[in-house]
Structure formats: structure tokens, C-alpha cells
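These protein sequence lines are chains A and B, in that order.
Just so we're aligned: 131 in my numbering is position 131 of the first sequence, and the numbers increase by one with no gaps anywhere.
Just so we're aligned: 153 in my numbering is position 16 of the second sequence, and the numbers increase by one with no gaps anywhere.
Glycine included, every Cβ here is placed at the ideal spot set by N, Cα and C.
Protein chains: 2
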Amino acid sequence: MANKAAEAIDFGKTGGVVPVVTVDHASRRVLMVAWMNREAFEETVATGRACYFSRSRNRLWRKGEESGNFQVVREIRLDCDEDTLVLAVEQSGDGAACHLGYESCFFRTLDGDEWRAADTRKVDPAKYGPGYGHQKK
Amino acid sequence: MANKAAEAIDFGKTGGVVPVVTVDHASRRVLMVAWMNREAFEETVATGRACYFSRSRNRLWRKGEESGNFQVVREIRLDCDEDTLVLAVEQSGDGAACHLGYESCFFRTLDGDEWRAADTRKVDPAKYGPGYGHQKK
Numbered sequence: 001m002a003n004k005a006a007e008a009i010d011f012g013k014t015g016g017v018v019p020v021v022t023v024d025h026a027s028r029r030v031l032m033v034a035w036m037n038r039e040a041f042e043e044t045v046a047t048g049r050a051c052y053f054s055r056s057r058n059r060l061w062r063k064g065e066e067s068g069n070f071q072v073v074r075e076i077r078l079d080c081d082e083d084t085l086v087l088a089v090e091q092s093g094d095g096a097a098c099h100l101g102y103e104s105c106f107f108r109t110l111d112g113d114e115w116r117a118a119d120t121r122k123v124d125p126a127k128y129g130p131g132y133g134h135q136k137k
Numbered sequence: 138m139a140n141k142a143a144e145a146i147d148f149g150k151t152g153g154v155v156p157v158v159t160v161d162h163a164s165r166r167v168l169m170v171a172w173m174n175r176e177a178f179e180e181t182v183a184t185g186r187a188c189y190f191s192r193s194r195n196r197l198w199r200k201g202e203e204s205g206n207f208q209v210v211r212e213i214r215l216d217c218d219e220d221t222l223v224l225a226v227e228q229s230g231d232g233a234a235c236h237l238g239y240e241s242c243f244f245r246t247l248d249g250d251e252w253r254a255a256d257t258r259k260v261d262p263a264k265y266g267p268g269y270g271h272q273k274k
């Protein structure tokens, strides 16, 4: 699954992984931020489904492997410093990219000196089983 | 400028800084990804202008300090793991968040196994002086 485009990505700066910002292809909303190593990038390009690298689990993380909330990749962008990616995706399943059941992991806004939930849940993540989402990604 | 909201942010996971995704407040487009330490976060909240932490320069980076392309912060969001922020901003000056003169640092898209520039420049960054943008942020 080697892809020549991977050679341009500077995986060395943060220990073999780069940050990945995943946005909704239609609304452009930021859904989540995760990490990719070269293998995850190449699998993502080859399969058309988002595959990240979980730093806490130290392995590839095929988004949706537990919940069915996988992501169909529509576009991949690279930044000027070649060390960050943006994926534009269609969020499948229950439409919840966040392991807490929200559309976006960024469901809290700063209000004065407090963080307040500004969104409503799409789904109760308990439906995916008792262990789901208990490990940070 | 201490802000109680900073206590909720997990700055420890990546050596005292967290990734920050900066989006255009109106269009939601991802403009750039940078880093903040606690001091940068607190200055951003206190002043209403984006202040990052430059890992390469090892100091606070007041966005626009050289170019005038500063960012007025309209909203700050925190993710479920409390280790990543999204800023929604109005991009001032020439409307170029990227040090290469593009609106967004993510001006290249993956086309097969090549990265291709998909956007046009807003401004020639040479106007900001000969040293501008030569140091990675």
C-alpha cells in the first residue's frame, strides 16, 4: 500500500505521527483531531476509510471498528509545513465522531471561565458495549 | 491573566502544549493548526487575539505580530479528551493565515499519489519583509 505522497509528510517531528484534523465534508465542521503514522496514512488512502494511529493503544485505529461509525474519506489536504493533515469525510453510522456520542468531539465552548456543553448528543454510546470509549484515543 | 478554564486543559500529554485548530468563523474552513501552552491560552482569552506557542522558536507567538494578519477570536471549543482546542476566528489583514500567503495552510490536496496546490495565493508574503515565514512555526 506504499504511496509516494507519504514521502512528503514529515512524520519525524512528533515521534512518527502527525496530527490529523477531520472535518465533515458537507458542513466543514471540525469533528475530531487524531494522529496518523505512515502506515495509517497509507491504509486510509488505499481503503478510502479513515484509519488513525492510537497513541494510547499503540496500534492502528480503524475508526468505527467498534461502533460502526466509520468515515468515508472525500479529500485529504496537507499543510505548508508538511506535518499536519486535514481529512474531509462523510461520517457514517450514527453520525457521531465523538466517543461520548456527540457529532463532534468539540461539543464544549468557553463561556467566561467555564466550559459548557453547547451541543446535544446524537447517540448514547452505551449502545456500543460497556467497554466502548473508556480508553482515550 | 489566570483563567480557571485553563485548569481543565490537559497540557501534560504533549510536553506542555496542546494542538489548536483554527477555523474561519464564517466559513468554518480550517485555516491552520498550531500549539498553545497555558500562557498562550490565557493571553488569547484575555486579549481576544490568537496567541500560540511556537515550538521551533520556543516562545509565545502573537499571530500577526510581523504581518498584521492577526486573528480576532470569536469562539473557543475544547474536545472530549480535554487535550485539543478549536478557535473560530476572524482573520484580519490580508486574509492569509498561511505564512506562504494562502488563506489556509491546507492549500494542497492529494491527487493520486501527488500533492497539488488547489488554492490561489491571497498575498505575496515577500511584502512582510525578507525574513518573514522562513522559520517554521
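Residues of the stretch 19-51 of chain A with a C-beta less than 8 Å from any C-beta of chain B: P19, V21, V23, S27, R28, R29, V30, M32, V33, V45, listed in chain order. Under a 10 Å Cβ-count criterion, A/T120 is classified as exposed, with fewer than 16 other Cβ atoms of the shown protein chains found around its own Cβ. Look at the stretch 66-95 of chain A: the residues with a C-beta under 7 Å from a C-beta of chain B are E75, I76, R77, L78, D79, C80, D81, T84, V86. Taking all protein chains shown into account, A/G101 has 16 or more neighbouring C-beta atoms within 10 Å of its C-beta and is therefore buried. Within a 10 Å sphere around the beta-carbon of A/P130 sit fewer than 16 other beta-carbons, which makes this residue exposed. In the displayed model, A/E114 falls within a strand according to three-state DSSP. B/K264 is positioned such that its CB atom lies no closer than 8 Å to that of A/D113. At least 8 Å separates the beta-carbon of B/V226 from that of B/R214.
Judged by DSSP in its simplified three-state form, B/V155 adopts strand. At a Cβ-Cβ threshold of 8 Å, A/V30 and A/P19 do not count as neighbours. By the neighbour-count criterion, in which 16 or more other beta carbons inside 10 Å mark a residue as buried, B/N174 falls on the buried side.
A/R57 is classed as exposed because its beta carbon has fewer than 16 other beta carbons within 10 Å across all chains shown. When DSSP states are grouped into helix, strand and coil, A/T109 belongs to the strand group. CA-CA distance, B/H236 to B/Y269, rounds to 8 Å.
Your pair B/D261 and B/D147 does not check out as a contact, with CB atoms roughly 40 Å apart and the cut at 8 Å. Cβ-Cβ distances below 8 Å link A/E66 to Y128, G129, Y132 in the same chain, with the five nearest sequence neighbours on each side left out; the list follows chain order. Membership of B/E227 in the beta strand (DSSP E) is indicated by the continuous run 222-228. The beta carbon of B/F243 falls within 8 Å of a beta carbon belonging to chain A, placing the residue at that interface. Its chain contains A143 as the residues whose beta carbon lies nearer than 6 Å to that of B/F178, once the 5 sequence neighbours on both sides are disregarded; these appear in chain order. DSSP places A/V45 in the uninterrupted alpha helix (DSSP H) bounded by 38-47.
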